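I have placed the structure first, in the form of structure tokens, so that the comments after it can refer back to it.
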Amino acid sequence: MECVLCQVSDLDERLHKCPICFKWICENCCFRSMGRAFCSRKCAEQFFFADDDD
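Residues are numbered in the working numbering as their position in the sequence shown, beginning at 1, plus a constant of 942.
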């Protein structure tokens with residue numbers, strides 16, 4: 943596995959899986975919001991501000 947932005951390997955750096963799009967992202971490239979790691983601000987906003995499908 944490797945970071946989608948900088949291609950660093952999981953052998954060299956800790957990777958996180960984005961809870962929205964499931965892409966792998968390293969500590970240095972991740973966007974943090976409310977204690978969670980996301981691959982981008984867009985995914986973070988979708989996670990916290992997504993509309994309900996009701």
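Beta carbons are placed, not taken as given, at the ideal position from N, Cα and C, and that holds for glycine. Here the structure is a predicted model, which means the values were calculated and not measured.
Outcome for residue i when other beta-carbon atoms lying within 10 angstroms are tallied against a minimum of 16
i	result
Cys948	exposed
Leu957	buried
Ala979	buried
Ala986	buried
With a floor of 3 residues, list each beta strand (DSSP E) that falls wholly inside the segment 953–992, ordered by position along the chain. You should have 957–959, 966–968, 973–975 and 978–980.
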